[in-house]
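Protein chains in written order, with the UniProt record's numbering: chain A, 1 to 116; chain B, 1 to 116. The structure appears right after this line, and notes come after that.
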DNA sequence: CGAATTCGTTTCGGGACCGTATCATTACGC
DNA sequence: GCGTAATGATACGGTCCCGAAACGAATTCG
């Protein structure tokens with residue numbers, strides 16, 4: 001069953017979720033950081049700096065710095081690749097999984113509240 | 001017909017839209033700016049700085065600065081209220097309406113592409 | 001081996017944004 | 001009028017982020 005969404009509903013949904021995120025006191029990740037985080041949690045591993053940079057069409061330092069910030073928040077973790085020690089593999093964390101899960105729940109909740 | 005969205009679909013949707021916004025070259029508004037813009041275009045007028053600040057639960061300078069930036073992008077316009085010249089009324093613009101409309105279309109398109 | 005390549009990080013200069021406090025202007029009660 | 005309240009704008013100090021360039025470490029290839 002495909003997801004049916006009219007433009008006005010789509011915009012309302014986005015507004016409600018943005019409002020919820022702005023109002024809560026949690027650290028709000030930027031659009032780029034959120035895109036990176038969701039990619040790590042939704043796309044199949046392994047994830048590398050270069051791979052993420054290509055997927056998002058941004059430069060590598062953007063990824064490095066986003067990982068610094070999200071790593072400090074324990075949302076992701078970095079590990080050297082033993083097969084090619086130049087690579088850094090980005091992995092999920094328990095905290096990150098929880099964060100993403102809650103975020104998904106917020107979207108679903110706001111979608112259910114949408115006026116018809 | 002309520003909007004039905006499972007968590008995994010919600011997250012995928014958010015990821016795809018974030019990716020689309022990050023990848024396009026257009027100015028990317030922050031989460032707050034987007035929340036303000038959508039509120040201006042979705043909620044009934046009139047809109048004032050104070051009203052928006054209350055609705056978003058942020059301080060007034062946040063609104064003023066966001067309006068500065070979005071005003072420079074021609075997405076909104078400011079006008080003095082003739083009935084109470086302390087007030088500033090925020091109004092829509094043609095460019096802003098186009099921006100919002102196009103944004104809604106992106107969300108709808110990404111929703112339709114979601115895997116089941 | 002040694003040079004070139006690849007990967008992730010760091011540095012640098014600059015811009016965007018925030019929160020607090022303060023300001024100028026306008027409205028309103030006395 | 002005059003003081004007070006309200007509105008939006010501004011000043012200041014600080015944090016975060018960006019893009020470009022340069023860098024160190026690891027790998028590949030001649």
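All residues carry an ideal CB built from backbone N, CA and C; glycine is no exception.
Proximity test, Cβ basis, 7 Å: residue i and chain A
{"i": "residue 94 of chain B", "result": "no"}
Residue i, DSSP secondary structure in three states
{"i": "residue 32 of chain B", "result": "helix"}
{"i": "residue 48 of chain A", "result": "strand"}
{"i": "residue 58 of chain B", "result": "coil"}
{"i": "residue 92 of chain A", "result": "strand"}
{"i": "residue 78 of chain B", "result": "strand"}
{"i": "residue 68 of chain B", "result": "helix"}
{"i": "residue 7 of chain A", "result": "helix"}
{"i": "residue 19 of chain A", "result": "helix"}
{"i": "residue 85 of chain B", "result": "coil"}
{"i": "residue 25 of chain B", "result": "coil"}
{"i": "residue 37 of chain B", "result": "helix"}
{"i": "residue 105 of chain A", "result": "helix"}
{"i": "residue 42 of chain B", "result": "helix"}
{"i": "residue 113 of chain A", "result": "coil"}
{"i": "residue 98 of chain B", "result": "helix"}
{"i": "residue 13 of chain B", "result": "helix"}
Closer than 9 Å at the beta carbon, the chain A residues around residue i
{"i": "residue 57 of chain B", "result": "19, 22, 23"}
Chain-ordered neighbours of residue i on chain A, where CB pairs are closer than 7 Å
{"i": "residue 100 of chain B", "result": "11"}
Neighbouring residues, chain B, relative to residue i (Cβ below 9 Å)
{"i": "residue 42 of chain A", "result": "8, 11, 12, 15"}
Under 8 Å from the C-beta of residue i: neighbouring residues of chain B
{"i": "residue 63 of chain A", "result": "Under the 8 Å cutoff, chain B gives no residues; its nearest Cβ is about 12 Å from residue 63 of chain A."}
Listed by chain order, chain A residues near residue i by CB distance under 8 Å
{"i": "residue 155 of chain B", "result": "Residue 155 of chain B falls outside the range modelled here, since chain B spans only 1 to 116, and no answer is possible."}
7 Å Cβ cut-off: residues of chain B touching residue i
{"i": "residue 35 of chain A", "result": "15, 18, 19, 22"}
{"i": "residue 32 of chain A", "result": "22"}
{"i": "residue 71 of chain A", "result": "What residue 71 of chain A touches in chain B: nothing, since even the nearest Cβ is about 19 Å away."}
Short CB-CB distance (under 7 Å) between residue i and chain B
{"i": "residue 84 of chain A", "result": "no"}
{"i": "residue 52 of chain A", "result": "no"}
{"i": "residue 38 of chain A", "result": "yes"}
{"i": "residue 28 of chain A", "result": "yes"}
- Counting pairs of beta carbons, one from the segment 93–104 of chain B and one from the segment 67–82 of chain B, are three or more of them closer than 8 Å? yes
- Item | Stretch-stretch touch, CB-based, cutoff 8 Å, three pairs: the segment 43–57 of chain A with the segment 97–113 of chain A | no
- Query: Are at least three pairs of beta-carbons, each pair with one atom in the segment 9–19 of chain B and one in the segment 56–74 of chain B, less than 8 Å apart?
  - Reply: no
- Query: So does the segment 24–39 of chain A actually touch the segment 61–73 of chain A, counting three or more Cβ pairs closer than 8 Å?
  - Reply: yes
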